[in-house]
Every structure is written in C-alpha cells, then in structure tokens.
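In UniProt numbering, the protein residues as written are 1 to 489.
For each residue, glycine too, the CB sits at the ideal point set by N, CA and C.
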Ligand code: CS2
C-alpha cells in the first residue's frame with residue numbers, strides 16, 4: 001500500500017497533528033530535490049506544527065517529472081529518516097502542498113510565484129543553476145538556456161527566467177516584492193542570486209530590474225545537512241519497516257544548520273523559533289562551511305573515487321586519509337577563516353570528521369564528485385588564494401586539486417571506468433579523448449581553459465607545479481601511498 005493522507009494516520013511513524021488543508025501556501029521552492037525535503041521543508045514542518053501560519057510549500061521541479069511521480073500520488077507526504085550509526089528516527093513531513101513540473105506547466109509556476117499569498121521563495125538549484133561563470137562570476141548571458149528565456153520569457157526554463165516573469169506579474173498586480181532565499185553552496189549566495197537576477201531581468205526590461213532591486217530581498221544563507229541521494233535499497237528497507245510504500249522518502253544525518261542573513265522583504269516563517277539563526281552577517285559561517293565541510297567533501301570524493309572507495313565513511317575510516325583531511329582543515333583551510341571570538345573552530349572540525357564517519361549514510365563519493373567545475377571555485381580556490389597571499393602552505397589543497405584532475409580521466413586506479421557529470425564534461429572529454437594521455441599532460445590543457453581556472457590561479461606557477469608534483473606521485477605510487485608518504489615526511 002502506498003503512503004498517503006489516509007494510510008499515514010494508521011502507520012507508526014511520528015507525525016505532526018496540524019490540519020494540513022487549513023494552511024495555505026506561502027513559500028515556493030525551486031529545485032525540489034532530497035536536500036530541500038530534509039532541510040528547509042523539515043524546518044517549515046516544525047513551524048507549521050508549533051506556530052501554524054500559511055507556510056506550506058509549492059515545490060517546483062525545474063527539469064524532470066521524477067519528484068512529481070514520487071510525491072503527487074502520496075498527497076505530497078513523505079518520510080524523513082534520520083540515520084545515526086545504528087539509530088533510526090522517522091518523521092512524516094506534510095509541509096509540501098503540491099508539486100509543479102516546470103517544463104510541463106510553466107504558467108502555473110509563474111502564477112505560484114506571483115500569487116498574493118506567496119512571500120518567500122527558496123532555491124536549491126545547484127551552482128550551475130545561476131549561470132554565473134565560475135571563474136569570473138559574470139552572468140553567462142549567451143548560454144543557450146538563458147537565450148531561450150530571453151526569447152520566451154512567458155515559458156522560461158531557468159530559475160532566473162521564472163523569477164523574472166513572476167516579478168513582472170507581481171509588479172503589474174501591484175503585489176509586494178519577495179524574499180528570495182538561495183540555499184545553494186556558494187559564498188555570498190544571496191548576493192550572487194541578486195546580481196544574476198538583476199542582470200538577466202535588465203535584459204528583458206530595465207524598469208523591472210529596478211523594481212526587483214527596490215522591492216525584493218536576497219539574504220545570504222548557510223545551509224547544512226548531509227542528505228545523500230535516496231537509493232532503491234533505502235526505499236525497500238523503509239517499506240519493510242513501515243509496511244507502506246513511500247517513493248518520496250529522504251534519508252539524512254541528525255545534524256542540521258541554517259543561518260540566514262536578517263534581510264527580508266516581508267513576512268517569513270518563524271524559522272528562528274525552530275533552530276534557524278537570523279544574523280547580520282552570514283559570511284564567516286558560509287566561508288567556514290564551504291572551506292571546511294564542502295572542501296573536505298570534494299577532497300574525499302575525488303581521492304575516494306580514484307582510489308576505489310565507494311563512500312565517504314570508507315575513505316574516512318582509513319587512518320592516513322582521515323589524518324590527511326584533518327590536516328587539510330587544520331593547516332590550510334581553518335587559518336583562512338575569521339570567526340566570532342566565542343566560536344570553537346576546532347570543535348567544529350572534529351565534529352565534521354565524526355559526521356563524515358557516519359556509516360549509516362552511505363554517501364557516495366561519485367555523488368559529491370559531480371559538477372566539480374562549479375564546486376571547486378567555491379571550496380578550494382579561496383583557500384589557495386589566502387594561503388598564496390600569506391605565503392602559507394598549499395600542499396594539501398593542491399593534493400585535493402590533483403585528485404580532481406586525476407578523477408577527470410574517468411577511470412580509477414583499478415581500471416574501472418565511470419562517467420563525468422559536469423557542465424564542462426564535453427570539454428573534459430575532448431581533453432581526455434586519448435585514453436593514454438596522462439593526467440599531467442591534461443593538466444597543461446586544463447590550465448588554458450579560462451572558464452575553469454580564473455586568471456590569478458591559472459597564472460600561478462607555484463600552484464600548477466604543486467598539482468603536477470602530486471599527479472606524478474599519484475601515477476608512480478597510487479593515491480593512497482602518495483598520501484601516506486607525504487604524511488611521514
Ligand atoms: C556535498 C554537499 O554533494 C556535495 O557537493 O558536499 O551536498 C554537502 O553534503 C552539503 O553541503 C552538506 O550540507
């Protein structure tokens with residue numbers, strides 16, 4: 001039997017007792033993947049249960065119908081299973097009211113964003129969804145998707161197109177502006193979203209861009225919760241436990257954090273009463289999370305994928321790799337951060353190592369390895385820049401970058417092939433077409449790609465000779481031995 005409003009009540013799963021239908025939609029979320037369901041929707045669920053309000057969520061899939069197929073047949077209810085070692089906690093989430101599939105019903109998405117009840121938009125569209133060139137931070141205006149939206153603004157494809165179309169409608173209807181909250185892993189994510197949206201909407205109508213600038217707010221945020229992609233095995237196991245089929249379930253760790261810049265255009269849910277922090281400046285926390293958690297994650301993912309490990313916990317269970325990640329954080333990433341005096345940065349790092357070790361998550365290295373060209377500039381380049389400026393060590397950061405370059409070869413150290421998922425995959429494929437080409441030779445070509453390495457990094461011989469040095473030892477000894485040897489010196 002499938003999970004639904006009727007069947008859920010009979011199940012043993014913990015659920016809030018609020019009447020879902022009595023709460024109207026106040027939030028539209030763009031990019032409704034697993035992360036949103038385990039993070040923003042979970043916080044909103046607590047607000048609805050404790051304080052009520054019209055804060056249910058319309059979830060928008062920008063591309064596929066998959067999430068619609070998962071959630072619509074079950075009244076948009078789903079289970080969040082929190083996994084910690086052998087412990088499991090399950091909660092039913094009812095905050096999502098409906099799912100729209102953007103390519104099939106663009107007019108409904110625009111209407112939802114423009115609705116009088118909507119005051120908040122949240123986004124998890126991944127780095128590439130902003131169409132900002134990673135190396136320069138400029139809007140890729142001529143990208144085929146944005147070109148499409150410029151010509152068909154009433155049937156857009158991108159988040160920028162939908163927001164622009166909806167803002168035009170709001171202005172025309174004399175509705176208030178929106179608080180638009182980026183929840184993607186980019187430094188100053190709100191500022192970047194604002195810049196991208198203003199630049200794009202200016203192409204459509206300069207007066208609209210002015211209206212958006214005046215009436216909307218784009219707070220910067222730091223979001224954190226490790227939510228691996230759901231697997232068929234997870235779902236089978238859950239069905240066995242619940243006695244109900246739940247195609248929309250998500251699985252996460254216990255830890256969760258959301259820090260939002262206190263910069264709102266109108267009403268927002270009382271998320272601050274359920275653990276969310278509203279602060280004047282998110283930057284220190286964003287940088288901390290990107291350079292400690294996400295940078296380590298990328299390092300683990302590329303080292304792991306090349307050395308034949310499947311999951312993050314397997315990598316971190318190996319003492320030398322554990323030590324390597326700890327040193328990357330302590331010696332190269334942490335010194336670049338300026339945290340409030342009372343903040344215990346050491347404890348934060350130790351906690352991260354424990355979170356990475358959570359074997360119940362089965363977080364795949366290959367999942368984190370996706371979209372490296374978009375992630376690395378937010379995660380590893382800022383560390384590199386700071387260390388270069390202050391003449392500090394770049395050994396560990398360049399070891400991670402070398403693992404990424406080696407990863408792009410598309411084959412691990414045991415000869416197993418895998419595909420590269422990245423907006424720049426075609427360029428990488430062209431470089432690695434000749435399967436005998438070494439990663440060291442490829443590095444010389446990668447260095448020339450302006451959209452990959454920003455000019456200040458591309459021109460730095462110290463960085464590239466360090467990466468090349470690592471690639472050489474990876475080739476000679478394998479990544480595991482190379483790192484072990486390095487730690488002994
Ligand atoms: C991960 C993140 O896949 C990735 O790139 O580093 O999704 C990470 O799990 C989250 O940012 C944790 O908050």
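Range of the contiguous alpha helix (DSSP H) that encloses residue i
| i | result |
| --- | --- |
| residue 80 | Premise fails: residue 80 lies in the beta strand (DSSP E), 78–84, not in any alpha helix (DSSP H). |
| residue 187 | From DSSP, residue 187 is part of no alpha helix (DSSP H); its letter is neither H nor E. |
| residue 258 | Taken as a continuous stretch (DSSP letters only), residue 258 belongs to no alpha helix (DSSP H), being part of the beta strand (DSSP E) at 257–261. |
| residue 44 | 40–51 |
| residue 20 | Neither: residue 20 is in no alpha helix (DSSP H) and is coded neither H nor E. |
| residue 298 | 295–307 |
| residue 145 | 144–151 |
| residue 268 | No alpha helix (DSSP H) holds residue 268; DSSP gives it neither H nor E. |
| residue 377 | 372–379 |
Straight-line gap, residue i to residue j (C-alpha atoms, nearest Å)
| i | j | result |
| --- | --- | --- |
| residue 57 | residue 259 | 20 angstroms |
| residue 444 | residue 435 | 16 angstroms |
| residue 388 | residue 55 | 46 angstroms |
| residue 367 | residue 237 | 21 angstroms |
| residue 202 | residue 257 | 34 angstroms |
| residue 98 | residue 72 | 7 angstroms |
| residue 148 | residue 157 | 8 angstroms |
| residue 280 | residue 222 | 13 angstroms |
| residue 405 | residue 134 | 17 angstroms |
| residue 308 | residue 414 | 7 angstroms |
| residue 268 | residue 129 | 24 angstroms |
| residue 102 | residue 117 | 20 angstroms |
| residue 152 | residue 169 | 15 angstroms |
| residue 96 | residue 24 | 10 angstroms |
| residue 155 | residue 106 | 6 angstroms |
| residue 112 | residue 140 | 27 angstroms |
| residue 62 | residue 325 | 35 angstroms |
| residue 45 | residue 301 | 32 angstroms |
| residue 448 | residue 459 | 10 angstroms |
Same chain, Cβ closer than 8 angstroms to residue i, five either side skipped, listed in chain order
| i | result |
| --- | --- |
| residue 502 | No information on residue 502 is available, as it lies outside the stretch 1 to 489 that the chain covers here. |
| residue 432 | 408, 409, 410 and 442 |
| residue 381 | 454 and 457 |
| residue 478 | 307 and 413 |
| residue 400 | 295, 298, 299, 302, 303, 328 and 380 |
Cβ neighbour criterion (16 or more within 10 Å) applied to residue i
| i | result |
| --- | --- |
| residue 144 | exposed |
| residue 329 | buried |
| residue 173 | exposed |
| residue 341 | exposed |
| residue 488 | exposed |
| residue 220 | buried |
| residue 214 | exposed |
| residue 64 | exposed |
| residue 206 | exposed |
| residue 377 | buried |
| residue 393 | exposed |
| residue 374 | buried |
| residue 291 | buried |
| residue 390 | exposed |
| residue 1 | exposed |
| residue 194 | buried |
| residue 70 | buried |
| residue 261 | buried |
Delimiting residues of the beta strand (DSSP E) encompassing residue i
| i | result |
| --- | --- |
| residue 317 | Per DSSP, residue 317 belongs to no beta strand (DSSP E) and is neither H nor E. |
| residue 87 | 87–93 |
| residue 120 | 120–123 |
| residue 278 | 277–279 |
| residue 98 | 96–101 |
| residue 181 | 179–182 |
| residue 222 | 221–224 |
| residue 57 | 56–61 |
| residue 251 | 250–252 |
6 angstroms CB neighbourhood of residue i in its chain, flanking five on each side removed
| i | result |
| --- | --- |
| residue 188 | 220 |
| residue 20 | 94 |
| residue 321 | 315 |
| residue 35 | 124 and 227 |
Beta-carbon proximity list for residue i, same chain, < 7 angstroms, skipping 5 on both sides
| i | result |
| --- | --- |
| residue 228 | 251, 361, 362, 363, 364 and 367 |
| residue 311 | 362, 363, 364 and 365 |
| residue 452 | 135, 373, 424 and 446 |
| residue 110 | 162, 165, 166 and 169 |
CB contact flag (residue i, residue j, <9 angstroms)
| i | j | result |
| --- | --- | --- |
| residue 197 | residue 212 | yes |
| residue 183 | residue 40 | yes |
| residue 204 | residue 355 | no |
| residue 146 | residue 163 | no |
| residue 30 | residue 248 | no |
| residue 5 | residue 77 | yes |
| residue 253 | residue 358 | yes |
| residue 352 | residue 296 | yes |
| residue 60 | residue 33 | no |
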